[in-house]
Amino acid sequence: MVARDFAEEIEALYAAENAKNAKIAEDAENNAGI
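Here it is as structure tokens:
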């Protein structure tokens with residue numbers, strides 16, 4: 001079903017974005033020496 005495929009794709013994009021943001025936050029903490 002198209003709607004389900006679309007929802008799964010959106011979920012995957014959100015997961016990738018969250019992982020990227022978590023990595024950026026971790027890098028920022030490391031750079032700040034926290």
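Sequence positions in the sequence shown follow UniProt numbering and run 1 to 34. Note that CB positions come from ideal geometry on N, CA and C, so glycine has one too.
Query, Result
"Rounded straight-line distance, which links the Cα of leucine 13 to that of phenylalanine 6", "11 Å"
"Same chain, Cβ closer than 6 Å to alanine 16, neighbours up to 5 away in sequence not counted", "none"
"Residue 35 versus aspartate 27 - alpha carbon distance", "Not covered by the structure: residue 35. The range shown for the chain is 1 to 34."
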